[in-house]
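Letter by letter, the sequence shown follows residues 3 to 447 in our numbering. Glycine is no exception: its CB is placed at the ideal position from the N, C-alpha and C atoms. Keep in mind that this is a model prediction, so the values were computed, not measured. The block underneath contains the structure these notes are about, expressed in structure tokens.
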Amino acid sequence: MKFIESEVVELKKEFSETIEKEIISFLNTNGGTIYIGIDDTGNIIGVNRSDEILRNIADIITTKILPTATELVKSSVELINNKLVVEIRVIKGIKHLYYLKKFGLSPNGCYVRIGTSCRSLNDEEIAIRYNSDNLKRATISEIPSHRKNLTFGILKNYFIQNKKHINEETFEENLNLRTEDGKYNYLAELLADENDLSIKVARFDGTDKSKILQRNEYGFTCLLLAMQKAFDYCDVINVTKTTIVPPNRIDERLFDMEAFREAWFNACLHNLWIEKVPPAVYVFSDRIEIVSNGGIPNNLTEEDFFNGVSKPVNDELSKIFLQLNLMEQMGFGVPAVVKSYGKQSYHISKSTIIVSIPFDKNVKKTTKEKTTLETTLETTLETKRKTANKILDLIIANKNITIVEIAQTLNLTRDGVNYQIKEMKEKGIIERVGSTKSGYWKINF
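In structure tokens:
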């Protein structure tokens, strides 16, 4: 048998990282076969450690490619001329576009097969393929999570707080947290007690990003909790100017917190999570910006967008938001922001939506600059608050967790944990029900 490279055949002398690009290119074109152990002139070299190569290929298929392509890529070891050759058969993909998860929908993540070469798609080509009316967009409910053992203690607690009944047997099914083949999906991963999600809030010195003052991360936990923590932080930095005009007291804030809330929660809801790029908040000296990934949804004009026409990017997530009263109604957020700050507060591109909320100059003028001592104190308090939040997250996830287990998990001393627990008890955030050994923690939200 003679081996010649073509539009549907790729020859590789040995396994390398470029294999993942070749698989993507075949998925996005007409399918094909990759042979490892045959050089580009067709000479059969053979491979060593074929089992290791198969494991590496399996890892690529299951963890590095989106949407899932496990049924489209099959690998095996063949004996050709008494030498072992790895054969990877790739069927043309059935989804709109396949890409490498670590790079997302970018030229570094999207490839096609042109002749005997693997070529990356440019941004315009990606947009055309991805936004085509004739192609189906993958959703966070269809994409499998790479995590297998997920728990949802925090999510369930949100439902309990909102007086929603929970049926343990049907909870995951009701919220559509699994793919059709029974695996946890990316929606489940976003809402799980532990995940890889990290939302960033960054503060800058000035009106651009040239000098960063502070960078906070809220995440690696349930999306609902992470987005609330980011919101709470922004509420803290939203200073208030108070004017007493007897008998009235007038409070003015640096920015409209209700408009910010709508913009932030909208960004979290409509973010294109399948690209693995979370929304972010940037705080400048004159404004606060909320950045979400994905642009305006398909088949929605800017006029529709500003009029509040709703077309959720993440339909199942929007249903959960509605159930938990995280949004009043579909399509309310954008008009609410426009009412306060006008259409000019939105900066829309094909890949992002940025909401820029200006600071009230009168309030900003009365805000004194922090001294070094005040900045140090603020940093200390922020570190302390982060530790308390981590402890609270563990308690929410496991009401029976012990002081020792908390200390071991967070690499803290028992005295340090006890100090934080004491403060939270005094503030009424938590309480201990029952004895130290057989009791449990109760959260008072």
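Which whole-angstrom value describes the C-beta separation of S347 and S358, a residue pair presumed to lie in contact below a C-beta threshold of 8 Å?
-> Stepping through the sequence shown from its first residue, residue 347 is reached at position 345. Stepping through the sequence shown from its first residue, residue 358 is reached at position 356. Right, the Cβ-Cβ distance comes to about 5 Å (below 8 Å), so this counts as a contact.
Go to L86, then tell me how far its beta strand (DSSP E) extends in each direction, as first and last residue.
-> Against the sequence shown, residue 86 aligns to sequence position 84. Per DSSP, L86 belongs to the beta strand (DSSP E) from 85-92.
Could you pull out every residue in the same chain whose Cβ sits closer than 6 Å to the Cβ of K392, ignoring the five residues on either side in sequence?
-> Along the sequence shown, read from residue 1 onward, the residue named residue 392 stands at position 390. Around K392: L412.
Helix, strand or coil for F262, going by three-state DSSP, please let me know.
-> The sequence position of residue 262 within the sequence shown is 260, counting from 1. Helix.
Based on the DSSP output, what are the partners of Q216 in its beta bridges?
-> Here the question's residue 216 lines up with position 214 in the sequence shown. Q216 is bridged to R205.
Using the DSSP secondary-structure output, state which residues sit across from Y348 in a beta bridge.
-> For this step, residue 348 is matched to residue 346 along the sequence shown. Partner(s): V357.
Contact the segment 401-412 vs the segment 437-445: 3+ CB pairs below 8 Å = Between the segment 401-412 and the segment 437-445 there are three or more inter-stretch CB-CB distances shorter than 8 Å, so the stretches are counted as touching.
Opposite W443 in the DSSP bridges: which residues?
-> Counted from its first residue, the sequence shown places residue 443 at position 441. W443 is bridged to R434.
Just checking, does the segment 267-285 make contact with the segment 312-332 on the three C-beta pairs under 8 Å criterion?
-> Three or more beta-carbon pairs separated by less than 8 Å link the segment 267-285 to the segment 312-332, which places the two stretches in contact.
Residue of N124, R149, E254, L256 minimising C-alpha distance to L192 = On the sequence shown, position 190 is the one that residue 192 refers to. Residue R149 holds the alpha-carbon nearest to the alpha-carbon of L192 among N124, R149, E254, L256.
Those residues which DSSP pairs with K243 across a bridge | The residue given as residue 243 occupies position 241 in the sequence shown. Beta-bridge partners assigned by DSSP to K243: E254.
Hey, out of D417, S440, L394, whose CA is closest to G430's CA?
-> Here residue 430 is taken as the residue at index 428 of the sequence shown, counted from 1. The residue with the shortest Cα to Cα distance from G430 is L394.
Cβ pair Y101, S27 closer than 7 Å | For the purposes of this step, residue 101 is taken as the residue at position 99 of the sequence shown. For the purposes of this step, residue 27 is taken as the residue at position 25 of the sequence shown. For Y101 and S27, no; Cβs fall outside 7 Å.
Cα-Cα, which of V285, L189, E291, V340 is closest to F307?
-> The residue labelled residue 307 in the question sits at position 305 within the sequence shown. Of V285, L189, E291, V340, the smallest CA-CA separation from F307 is found for V340.
Can you grab the Cα-Cα spacing for the pair E126 / L99, in whole Å?
-> Against the sequence shown, residue 126 aligns to sequence position 124. Against the sequence shown, residue 99 aligns to sequence position 97. So the two alpha carbons sit approximately 13 Å from each other.
Do the segment 313-327 and the segment 162-172 make contact, defined as three or more Cβ pairs closer than 8 Å?
-> Look at the beta carbons and you see the segment 313-327 touching the segment 162-172: at least three pairs across the two are nearer than 8 Å.
Delimiting residues of the beta strand (DSSP E) encompassing Y37 | Taking the first residue of the sequence shown as position 1, residue 37 is located at position 35. Bounds of the beta strand (DSSP E) holding Y37 are 34-38.
Return the chain-ordered list of same chain residues with a C-beta closer than 6 Å to the C-beta of R205, the five sequence neighbours on each side being excluded.
-> Here residue 205 refers to the residue found at position 203 of the sequence shown. Hits under 6 Å: L215, Q216, V285.
Cβ neighbour criterion (16 or more within 10 Å) applied to P249 = Within the sequence shown, the letter at position 247 stands for residue 249. Exposed.
Quick one: measure Cβ to Cβ for E277 and L81, integer angstroms, because I've assumed they're closer than 8 Å.
-> Counted from its first residue, the sequence shown places residue 277 at position 275. Counted from its first residue, the sequence shown places residue 81 at position 79. So it is not a contact: roughly 42 Å between Cβ atoms.
Among L256, N295, V311, N301, which residue has its Cα nearest to the Cα of R289?
-> What you label residue 289 is simply residue 287 of the sequence shown in a count that begins at 1. Taking the Cα of R289 as reference, the smallest distance to any Cα among L256, N295, V311, N301 is reached at L256.
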